[in-house]
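Quick note, this note's numbering runs 47 ahead of the 1-based positions in the sequence shown.
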Amino acid sequence: MSNTIVETFAGAQAVQDRIAIFEDLVKTYEKPLFQFAFRLCGNHYEAQDLLQEGFYRAYKAFNKFETGTAFDRWLYQIIHNLYIDHYRKKKNRPLVASIDEPSPHLENEKPTEIADWTNNPEQEAVRLELGQQIQNGLAELPTEYRSAVILCDIQGLSYEEIAQILGCSIGTVRSRIHRGRKILRRVLLPYIQGKEALDA
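This is the structure we're talking about:
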């Protein structure tokens, strides 16, 4: 479906038609790209700015996109490069935001890998706390490790797809994910051990 939209956009002549078609593309990819941006910078508002600038750049540079390639991977690459170029260089920026901070992209989202805990406040609190700890752990990772871990373990992309996005070899991707997970486990270990002690 997305490839058809991309091809239609490329063939559209009127500016208003191109804008309308691009808005459809934004709706298709906005949610996963916002999640990626948020996990990178750890702040809902910065993630929103990053996403908006990314879509703007994608629109302006659409003539550089090769039809037939994965459009979402191209968008991931733009978002990642923007983060590297601009947001990482900011000094004293907040790396971690509260998981409870409101966001139109995340407020209705439920994890797909676990049961719906909406009717269990205690379990919901545990889920939110764990999510915050994971975000804290991600903030501790070097940027290149964080990007690889997010793309693999949160976005669910393959090593080959991640290599295309990050512009490195598959071997480098494997190494970054391995090292990033190792650091993340070390950061989360005190939290996990503390929870186990309380539950014992």
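All C-beta atoms, glycine included, are put in the ideal place defined by N, C-alpha and C.
- Rounded to whole angstroms, the separation of the alpha carbons of G178 and L98 is 21 Å.
- By the Cβ-count criterion, A172 is exposed, with fewer than 16 other Cβ atoms from all chains shown falling within 10 Å of its own Cβ.
- If the five residues before and after Q211 are omitted, its C-beta is found closer than 7 Å to the C-beta atoms of R120, all from its own chain and listed in chain order.
- A straight line joining the alpha-carbon of E176 with that of R233 spans about 17 Å.
- No Cβ-Cβ contact shorter than 8 Å links E191 with I230.
- In the DSSP assignment, I197 falls outside any alpha helix (DSSP H), carrying neither H nor E.
- Bounds of the alpha helix (DSSP H) holding L122 are F118 to D132.
- Boundaries of the alpha helix (DSSP H) harbouring K107: H91 to K107, taken from the DSSP string.
- Pairing E100 with L122 gives a Cβ-Cβ distance that is not under 8 Å.
- The three-state reading of DSSP puts L235 in helix, counting H, G and I together.
- In the displayed model, L188 falls within coil according to three-state DSSP, outside both helix and strand.
- The distance from the Cβ of I131 to that of L80 is about 16 Å, inconsistent with a contact at the 8 Å cut-off.
- It is roughly 7 Å from the alpha-carbon of R86 to the alpha-carbon of I197.
- In the structure shown, F81 adopts helical secondary structure according to DSSP, grouped into three states.
- Boundaries of the alpha helix (DSSP H) harbouring L213: Y206 to L213, taken from the DSSP string.
- In this structure, the CA atom of D71 is about 34 Å from the CA atom of T219.
- Around the Cβ of S205, a 10 Å sphere holds fewer than 16 other Cβ atoms; the residue is exposed.
- With contacts defined as CB atoms closer than 8 Å, G89 and Q182 qualify as a contacting pair.
- The alpha-carbon separation between I224 and Q82 amounts to approximately 18 Å.
- Counting only the Cα atoms, P237 lies some 43 Å from T116.
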